[in-house]
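The structure is reproduced here in structure tokens:
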């Protein structure tokens, strides 16, 4: 081989390497509903774990998990973060998507009230009250189950999330069931009158879902996403304080450190797919059908299995997946 040929090949190598790297990296758009309860995503982004796994992650913020889920169903994105409630509405409508990871479980949903409206020591104290919450959501499901289990009748009032605390302060309602993260705001607004009732019988699951197209045609994308999140999950368990500092920075001052610490105390972190998820989805699905929010047949954990894509996570972390899934 002539020396000039060697030089030409050497000169071409950097470009060939760049092309090869580009071919090995898949651009994935994630619909993200900003939350401090999925720190694995922040960790993986900050430490380059997605890139290491061959994923160029583009994150687009959405106001809620429901809207992130709609973007996934509409083909705008390949993956989305959401809680289990939008997921069960999609399954009831037979929509094409798959849950590939249960990232965290929050057990801090609660009823909040003011001492001005009476004591709040047990479910019986809710009898006859007007309780505000966004109807047709997971907090509405939680409230309905709480009242039913306690044999108590109360008036569930539809109130938008941003109006819950003002309505409580005005006396339009006597209690609220807000989404996660509102407790610290309510505590500050109510001061010494703050009262709460918490039941850990319900946990809100924070999920990663992908499109049917990704499931069918891009298994490497699912593997890459899970590989990155599992690395971040291990970091979270090793250094929770460092992870919390990273998340606090990502929230840009919208959540105080004390509030973040309180939320994390009520959260179980860990990438998994366990049988409690389809059990909850089935319970919520039956409630949705009973409330006539969606016309469908009552689901069961078995009929919901097609939406739980367990094989990719099982291949990477066998102990994280229930054998029945």
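Residue numbers (mature numbering (1 follows the signal peptide of the UniProt record, and there is no 0)): -23 to -1, 1 to 302.
Note that beta-carbon positions come from the ideal geometry of N, C-alpha and C, so glycine has one too.
Model, not experiment: these values are computed from the prediction.
Taking only three categories from DSSP, how would you classify residue i?
{"i": "residue 304", "result": "Given a span of -23 to 302 for the chain in the structure shown, any question on residue 304 remains unanswerable."}
{"i": "residue 90", "result": "strand"}
{"i": "residue 277", "result": "coil"}
{"i": "residue 297", "result": "helix"}
{"i": "residue 30", "result": "coil"}
{"i": "residue -3", "result": "No answer about residue -3 holds up, because its pLDDT of 42 lies below 50 and its placement is not dependable."}
{"i": "residue 132", "result": "strand"}
{"i": "residue 179", "result": "coil"}
{"i": "residue 3", "result": "strand"}
{"i": "residue 310", "result": "This structure cannot speak to residue 310, because the chain is shown only from -23 to 302."}
{"i": "residue 346", "result": "Any question about residue 346 goes unanswered here, given that the chain covers just -23 to 302."}
{"i": "residue 231", "result": "coil"}
{"i": "residue 68", "result": "helix"}
{"i": "residue 150", "result": "coil"}
{"i": "residue 84", "result": "coil"}
Determine whether the beta carbon atoms of residue i and residue j lie at a separation below 7 angstroms.
{"i": "residue 97", "j": "residue 34", "result": "no"}
{"i": "residue 9", "j": "residue 28", "result": "no"}
{"i": "residue 21", "j": "residue 201", "result": "no"}
{"i": "residue 179", "j": "residue 119", "result": "yes"}
{"i": "residue 301", "j": "residue 260", "result": "no"}
{"i": "residue 172", "j": "residue 92", "result": "yes"}
{"i": "residue 139", "j": "residue 110", "result": "no"}
Which residue's Cα is closest to the Cα of residue i: the options?
{"i": "residue 274", "options": "65, 162, 296", "result": "65"}
{"i": "residue 299", "options": "137, 79, 267", "result": "79"}
{"i": "residue 366", "options": "149, 246, 125", "result": "What is shown of the chain runs -23 to 302, which leaves residue 366 out entirely."}
{"i": "residue 124", "options": "99, 58, 198, 44", "result": "99"}
{"i": "residue 159", "options": "130, 86, 282", "result": "86"}
{"i": "residue 243", "options": "20, 81, 4", "result": "81"}
{"i": "residue 211", "options": "177, 249, 180", "result": "249"}
{"i": "residue 88", "options": "133, 197, 228, 61", "result": "133"}
{"i": "residue 203", "options": "288, 40, 95", "result": "288"}
{"i": "residue 206", "options": "121, 240, 227, 16", "result": "16"}
{"i": "residue 286", "options": "193, 261, 208, 164", "result": "193"}
{"i": "residue 44", "options": "63, 32, 21, 31", "result": "63"}
{"i": "residue 115", "options": "268, 245, 13", "result": "268"}
{"i": "residue 117", "options": "140, 156, 142, 162", "result": "156"}
What's the call for residue i, buried or exposed, on a 16-neighbour Cβ count within 10 Å?
{"i": "residue 187", "result": "buried"}
{"i": "residue 90", "result": "buried"}
Subject >> Inter-stretch contact at 8 angstroms, needing at least 3 Cβ pairs: the segment 44 to 62 / the segment 232 to 240 >> reply: no
Subject >> contact_flag[the segment 70 to 79, the segment 178 to 187] where n(CB pairs < 8 angstroms) is 3 or more >> reply: yes
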